[in-house]
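Under my numbering, the first residue of the sequence shown is numbered 1175, with each subsequent residue one higher.
Idealized CB from N, CA, C, for every residue including glycine.
See below for the structure under consideration.
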Amino acid sequence: NPTREPVPTATLVPPTATPAPTPTPVDTEAPRQLAEAWVALWSTGDYAGMYNLVSSDVRGRVSQEEFVARYTDIANEAGLERISGKVNGEPDLNGTIPVAVTMESRLVGEIALENTVPVVKDGNEWRVDWTPSLIFTDLGDTGCIVFEGQRSSRGRILDRNGKTLAQDIVVARVGIVPGDVTDEERAVGELSKLLGMPAEDIRARYADAQPEWFIPLKDMPEDRSADLINATQDLGGVEVRRASARTYPYGAVAAHVTGWVSPASEEDVANDETGTLKADDMVGQAGLEYGANELLAGTPGGKLEIVECETRAVRGVVAEREAEPAKDIILTIDIEFQKQVDKALAEVKGIERGSAVVVDPRDGAILALVSHPTFDPNGFINGFDAKERKRIDDENQAPLRNRATQVGYPTGSIFKVITASAAMHFLDYTGDTEIDCPQSVSLGNQTWNDWVVEYGSGAQGMLTLHSGLVRSCNTVFYQIGIDLDDENPDWLPEMAKAYGLGAPTGIPYFPEVAGTVPSDDWKREQIGDGWATGDAVNLAIGQGFLLSTPLQMANAYAAIANGGTVWRPFIVDATREPGSEATTRISEPKAIGELPLTDDQIDELHSALREQTNNEAGVGSDRIFGEFNWAIAGKTGTAQLDERHSSKPHSWFAAYGPGDPGDTSTIATIVMVEGIGEGVQHAAPATKQIYSAYLKTDLRARLEE
1175 NPTREPVPTA TLVPPTATPA PTPTPVDTEA PRQLAEAWVA LWSTGDYAGM YNLVSSDVRG
1235 RVSQEEFVAR YTDIANEAGL ERISGKVNGE PDLNGTIPVA VTMESRLVGE IALENTVPVV
1295 KDGNEWRVDW TPSLIFTDLG DTGCIVFEGQ RSSRGRILDR NGKTLAQDIV VARVGIVPGD
1355 VTDEERAVGE LSKLLGMPAE DIRARYADAQ PEWFIPLKDM PEDRSADLIN ATQDLGGVEV
1415 RRASARTYPY GAVAAHVTGW VSPASEEDVA NDETGTLKAD DMVGQAGLEY GANELLAGTP
1475 GGKLEIVECE TRAVRGVVAE REAEPAKDII LTIDIEFQKQ VDKALAEVKG IERGSAVVVD
1535 PRDGAILALV SHPTFDPNGF INGFDAKERK RIDDENQAPL RNRATQVGYP TGSIFKVITA
1595 SAAMHFLDYT GDTEIDCPQS VSLGNQTWND WVVEYGSGAQ GMLTLHSGLV RSCNTVFYQI
1655 GIDLDDENPD WLPEMAKAYG LGAPTGIPYF PEVAGTVPSD DWKREQIGDG WATGDAVNLA
1715 IGQGFLLSTP LQMANAYAAI ANGGTVWRPF IVDATREPGS EATTRISEPK AIGELPLTDD
1775 QIDELHSALR EQTNNEAGVG SDRIFGEFNW AIAGKTGTAQ LDERHSSKPH SWFAAYGPGD
1835 PGDTSTIATI VMVEGIGEGV QHAAPATKQI YSAYLKTDLR ARLEE
């Protein structure tokens, strides 16, 4: 056998490790300063300045216009209001700097982020190696930011007994997305027939809308959903959605109390501070729907998401905020009594425009509030027919205007209690102070007549302050106006303001105007002329430049009724969480003033006002109330209009009851009818009807418990 040569044995020696090169330390101070500058520019919204810090490689991929647009669009979509940041550590060996950024979003609140700013050496300078992930970590090149809003169902409006005045119901909402319409002529024509709406009204609804908006056209009963879908399925851009709609079970009776809602307009969406409002969301437009919108709508919430720009697939949630549920609001109104007050006003013969207010003088709670002409707020949800739309748009009748709180009027003689108050407080008059009541009073070339002259009667002769108020002698109060003005022109305006005139009553959640109490300062500012004694003469009987809302005058008489406290009126009493029976009172009674009168002086007013309704001297009021089975104190008012108006005077009647001295009054009322005639002929009978209804309702028993 041949001899086998031995195989050399390899000696295995562990390889010697090659030492890794020692990293060259970077200049950490310059990258840190770069990151600080980056965050500072971001905090001020200087996106162009940020672009100046990016590398040349980034500039080759992204233009300044694209860069700025990216940041701007994301800030708008995310609702960013403030950004602050800081370098949050030392740069690593590669020059990457950790930063902490806090964003304040009106949509989701605070967003706290931690990120890193990568930097590179670009020539001789350090620059930011930017990618979209520097805005939000997961954004990437193909990501977009979207906000998905969440809103709770709108809260109900309930009367004091829990009866529903406004609520949401489920409906089939037919609408149109303008950008998806394929055949406009056909779509509008078919919708016109299906919904019973004029074609021009349909086009007007979406004329100014964004292409992607869903524009509601009409809400239909939910059980018609299937039929509506079948009828519209081949109409491009027309959709039928299951939605919540507002309904007002009592219709026109409480229209000016509830107000109404309508789909958000383009202006509403643009002005929405929360950024959550969409075109098909309902927004309060008047009354409590408007004034208490934050309570009724709740606080919106939602998610700020990163999605794929093309597919809209959700990649992640940046931040979210839970929606706070809407609240039911419980009113001081009694809807059954409200119906009776509405009926009393509507039955005034010849009425076109007017209002009535009923207040609890013990705390300022509104028991009823009516304005005429009225309207059915359901029409803003279901649509008005052509005839009703024409009436709604009539500027002369203006049925949408709340005449109880949003229109100021001359008050006529119901203001005389204020003039009498000024005489007692400033001039030390008593009820027995004698004042002449001639047929007329003259100043220079001006003459003011007593009201009896119009009826061919002679002078009423010497009266007292008490009988002058009972008989409503104009010339007595002209003379008081002159006497007050001679001493101090501000005294009578001051007393009017003490009664709450010339300023908003402060009623929460309810739109109102301030009215006008003229004075020397006011006249110089508004008219450019100085105060004259004739201005005081006019003011003394509620004429001239004086303007007051019916609510203000109801509140003024309530102050007399309760012994001198001017309450802030309120109509929203409490709130209730959805699904709960527990209530939270939000309108505790609040005194906003005290009449500067003694108890004896207020008793004098009580006595005169009570006598006007049950004494034949009371300018006819006794014929209305003389046999009434409840003690009512009251005052007529006939407010003349100036020569620019051809209509008849406004008819007023102010009252409270029970009205005997020493009684605790439970209601105070104002009835005002525009341009119809004397207070005793029109407003007084309606007032009697209101008190008759009050005595028959459960409301009286509850108030007197």
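message = Let me confirm a value: Arg-1328 is counted as buried when at least 16 other C-beta atoms fall within 10 Å, else exposed. Which label applies?
response = Looking up residue 1328 in the sequence shown gives position 154. Note on Arg-1328: 16 or more other CB atoms within 10 angstroms of its CB, so buried under the neighbour-count rule.
ask   = Is it true that the stretch 1648-1657 meets the stretch 1709-1724, where meeting means three or more beta-carbon pairs spaced less than 8 angstroms apart?
value = Below 8 angstroms, enough C-beta pairs join the stretch 1648-1657 and the stretch 1709-1724 to call them touching: three or more.
message = Judging by CA-CA distance, which residue of Ala-1857, Thr-1840, Ile-1841 and Ala-1842 is the nearest neighbour of Glu-1848?
response = By 1-based counting over the sequence shown, the position of residue 1848 is 674. Nearest C-alpha to Glu-1848 among Ala-1857, Thr-1840, Ile-1841 and Ala-1842: Ala-1857.
key: Close Cβ partners of Pro-1385 (< 7 angstroms) along its chain, the five nearest in sequence each way excluded   = If you number the sequence shown from 1, residue 1385 lands on position 211. Pro-1352 and Gly-1353.
request  = Return the chain-ordered list of same chain residues with a C-beta closer than 6 angstroms to the C-beta of Asp-1659, the five sequence neighbours on each side being excluded.
outcome  = Mapped onto the sequence shown, residue 1659 falls at position 485. For Asp-1659, where only same-chain residues beyond five positions count, the Cβ hits under 6 angstroms are Thr-1707 and Ala-1710.
message = Looking only at its chain, what residues have a beta carbon closer than 6 angstroms to the beta carbon of Val-1581, apart from the 5 residues adjacent to it on each side?
response = Mapped onto the sequence shown, residue 1581 falls at position 407. Around Val-1581, the same chain offers no residue with a beta carbon nearer than 6 angstroms, after the five sequence neighbours per side are excluded.
query = I think Leu-1811 touches Gly-1528, with their Cβ atoms under 8 angstroms apart; what is that distance to the nearest whole Å?
reply = As a first step, residue 1811 must be located in the sequence shown, where it is residue number 637. As a first step, residue 1528 must be located in the sequence shown, where it is residue number 354. The identity of residue 1811 in the sequence shown is Gly, whereas the question assumes Leu. Beta-carbon to beta-carbon, Gly-1811 and Gly-1528 are separated by about 13 angstroms, too far to satisfy the 8 angstroms threshold.
inquiry  = Measuring straight from C-alpha to C-alpha, what distance separates Ile-1525 and Ile-1850?
reply    = What you label residue 1525 is simply residue 351 of the sequence shown in a count that begins at 1. What you label residue 1850 is simply residue 676 of the sequence shown in a count that begins at 1. About 7 angstroms.
task = Please state if the CB of Tyr-1683 and the CB of Val-1740 are separated by a distance shorter than 7 angstroms.
result = Mapped onto the sequence shown, residue 1740 falls at position 566. Mapped onto the sequence shown, residue 1683 falls at position 509. For Val-1740 and Tyr-1683, no; Cβs fall outside 7 angstroms.
key: Outcome for Pro-1752 when other beta-carbon atoms lying within 10 angstroms are tallied against a minimum of 16   = Stepping through the sequence shown from its first residue, residue 1752 is reached at position 578. Per the 10 Å Cβ criterion, exposed.
query = For Gly-1433, is the classification buried or exposed, using 16 other Cβ atoms within 10 angstroms of its Cβ as the cut-off for buried?
reply = On the sequence shown, position 259 is the one that residue 1433 refers to. Per the 10 Å Cβ criterion, buried.
key: Spatially closest choice to Asp-1315 from Pro-1306, Pro-1265, Phe-1321 and Lys-1697, by CA coordinates   = Locating residue 1315 in the sequence shown gives position 141, counting from the first residue. For Asp-1315, the closest C-alpha among the options Pro-1306, Pro-1265, Phe-1321 and Lys-1697 is that of Pro-1306.
task = Could you work out which residue in Lys-1392, Ile-1319, Pro-1272 and Ser-1366 is closest to Thr-1246 when comparing CA atoms only?
result = Along the sequence shown, one-based indexing puts residue 1246 at 72. Ranking Lys-1392, Ile-1319, Pro-1272 and Ser-1366 by Cα distance to Thr-1246 puts Ile-1319 first.
Test item: CB-CB of Phe-1719 and Pro-1685 under 7 angstroms = Locating residue 1719 in the sequence shown gives position 545, where the first residue counts as 1. Locating residue 1685 in the sequence shown gives position 511, where the first residue counts as 1. Taking C-beta atoms as the reference points, Phe-1719 and Pro-1685 fail to come closer than 7 angstroms.
ask   = Glu-1440 to Ile-1389, Cα distance in whole Å?
value = Position 266 of the sequence shown, counted from the first residue, corresponds to residue 1440. Position 215 of the sequence shown, counted from the first residue, corresponds to residue 1389. In a straight line, the C-alpha of Glu-1440 is about 11 angstroms away from that of Ile-1389.
key: Ile-1309 - DSSP class collapsed to helix/strand/coil   = Numbered from its first residue, the sequence shown carries residue 1309 at position 135. In the displayed model, Ile-1309 falls within coil according to three-state DSSP, outside both helix and strand.
task = Taking Pro-1743 and Thr-1690 to be in contact with their CB atoms under 8 angstroms, please state how far apart those CB atoms are, rounded to whole angstroms.
result = The count along the sequence shown starts at 1 and reaches residue 1743 at position 569. The count along the sequence shown starts at 1 and reaches residue 1690 at position 516. Rounded, the Cβ-Cβ distance is 19 angstroms, inconsistent with contact.
message = Within 8 angstroms, do at least three Cβ pairs link the stretch 1275-1295 to the stretch 1483-1499?
response = The stretch 1483-1499, when compared against the stretch 1275-1295, does touch it at the 8 angstroms Cβ threshold.
ask   = When DSSP labels each residue in this structure, what does Leu-1505 get in the three-state scheme?
value = Mapped onto the sequence shown, residue 1505 falls at position 331. DSSP places Leu-1505 in strand when its eight states are reduced to three.
inquiry  = Relative to the C-alpha of Asn-1445, which candidate in Val-1793, Ser-1754, Gly-1253 and Asp-1834 has its C-alpha closest?
reply    = In the sequence shown, counting from the first residue as 1, residue 1445 sits at position 271. In terms of Cα proximity to Asn-1445, the closest of Val-1793, Ser-1754, Gly-1253 and Asp-1834 is Gly-1253.
inquiry  = Tell me the residue span of the alpha helix (DSSP H) that contains Gly-1363.
reply    = Walking along the sequence shown from the start, residue 1363 turns up at place 189. 1358-1369 is the span of the alpha helix (DSSP H), which, as asked, contains Gly-1363.
query = So what's Ile-1864 in DSSP terms, helix, strand or just coil?
reply = Position 690 of the sequence shown, counted from the start, is the residue given in the question as residue 1864. Helix at Ile-1864.
Assigned secondary structure, His-1430 (DSSP; H/G/I helix, E/B strand, else coil) = The sequence position of residue 1430 within the sequence shown is 256, counting from 1. Here His-1430 sits in helix by DSSP.
request  = Excluding the 5 residues preceding and the 5 following Tyr-1424 in the sequence, name in chain order all residues of the same chain whose CB lies nearer than 7 angstroms to its CB.
outcome  = Here residue 1424 is taken as the residue at index 250 of the sequence shown, counted from 1. Cβ within range, chain order: Leu-1339 and Ile-1509.
ask   = Going along the chain, which residues of its own chain have a beta-carbon closer than 8 angstroms to the beta-carbon of Val-1627, five neighbours each way excluded?
value = Position 453 of the sequence shown, counted from the first residue, corresponds to residue 1627. The beta carbon of Val-1627 sits closer than 8 angstroms to the beta carbons of Gln-1613 and Ser-1614 from its chain, once the five residues preceding and following it are set aside; these are given in chain order.
query = Can you name the residues that DSSP bridges to Phe-1744?
reply = Along the sequence shown, read from residue 1 onward, the residue named residue 1744 stands at position 570. Partner(s): Ala-1539.
ask   = If we ignore side chains and look at the alpha-carbon of each, how far apart do Phe-1511 and Phe-1651 end up?
value = Counted from its first residue, the sequence shown places residue 1511 at position 337. Counted from its first residue, the sequence shown places residue 1651 at position 477. Each residue's Cα considered, the two are about 36 angstroms apart.
Asp-1454 versus Tyr-1380: straight-line alpha-carbon distance, rounded = On the sequence shown, position 280 is the one that residue 1454 refers to. On the sequence shown, position 206 is the one that residue 1380 refers to. The C-alpha of Asp-1454 lies about 12 angstroms from the C-alpha of Tyr-1380.
message = Quick check on DSSP: helix, strand or coil for Val-1581?
response = Here the question's residue 1581 lines up with position 407 in the sequence shown. Of the three classes helix, strand and coil, the one that applies to Val-1581 here is coil, per DSSP.
request  = May I ask you to report which of helix, strand or coil DSSP gives Asn-1289?
outcome  = Numbered from its first residue, the sequence shown carries residue 1289 at position 115. In the structure shown, Asn-1289 sits in a strand (DSSP, three-state: E or B).
request  = Report, in whole angstroms, the separation of the C-beta atoms of Ala-1728 and Val-1533, which I expect to be a contact under 8 angstroms.
outcome  = For the purposes of this step, residue 1728 is taken as the residue at position 554 of the sequence shown. For the purposes of this step, residue 1533 is taken as the residue at position 359 of the sequence shown. That pair is a contact at about 5 angstroms.
key: In DSSP terms, what Trp-1826 is bridged to   = To locate residue 1826, count along the sequence shown from 1; it is residue 652. DSSP lists Gly-1811 and Met-1846 as the bridge partner or partners of Trp-1826.
task = Just tell me which of Val-1348, Lys-1452 and Asp-1442 has its CA closest to the CA of Ala-1405.
result = In the sequence shown, counting from the first residue as 1, residue 1405 sits at position 231. It is Val-1348 whose Cα lies nearest to the Cα of Ala-1405.
key: Pairwise C-alpha distance: Asp-1382 and Ala-1373   = To locate residue 1373, count along the sequence shown from 1; it is residue 199. To locate residue 1382, count along the sequence shown from 1; it is residue 208. Taking the straight line joining both Cα atoms gives about 16 angstroms.
request  = Quick one: give me the first and last residue of the beta strand (DSSP E) that Ile-1622 is part of.
outcome  = Taking the first residue of the sequence shown as 1, we reach residue 1622 at position 448. Note that residue 1622 corresponds to Trp in the displayed sequence, not to Ile. Bounds of the beta strand (DSSP E) holding Trp-1622 are 1620-1623.
message = Quick check on DSSP: helix, strand or coil for Phe-1388?
response = Counted from its first residue, the sequence shown places residue 1388 at position 214. Reduced to three states, the DSSP call for Phe-1388 is coil.
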